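Novice:
In my numbering, the protein residues as written are 1044 to 1122.
Right, here's the structure in full:
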């Protein structure tokens, strides 16, 4: 994972298409982590923070809604 300062550098130099691609990458990664019972809260939060940062500058209205598997839903209900 890239440090936040590296993400900020990329944001300042990237084109809209590159930012959209990076957003999609992190969106897919977050979905993977959320659907993996072995993922840690730290991993999930790190990606979620990067995705949140990117979502402030990328048009997310064209993104597909995240799909979570039943194991994630069951895991969350036990907290």
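Ideal placement from N, C-alpha and C gives every residue a C-beta, glycine not left out.
Remember, predicted model here, so these are calculated numbers, not experimental data.
What would DSSP say about residue 1080, mapped onto helix, strand or coil?
Specialist: The answer is coil: DSSP assigns residue 1080 none of H, G, I, E or B.
Novice: Can you grab the Cα-Cα spacing for the pair residue 1059 / residue 1082, in whole Å?
Specialist: Distance between the alpha carbons of residue 1059 and residue 1082: 30 Å.
Novice: Helix, strand or coil for residue 1121, going by three-state DSSP, please let me know.
Specialist: Any reading at residue 1121 must be qualified, since the residue scores a pLDDT of 49, below 50, and its modelled position is unreliable; the value itself is stated next. It is coil, neither helix nor strand.
Novice: For a test of the three-state rule: what should DSSP assign to residue 1057, helix, strand or coil?
Specialist: The answer is coil: DSSP assigns residue 1057 none of H, G, I, E or B.
Novice: Just tell me which of 1050, 1051 and 1094 has its CA closest to the CA of residue 1073.
Specialist: The shortest Cα separation from residue 1073 among 1050, 1051 and 1094 belongs to 1094.
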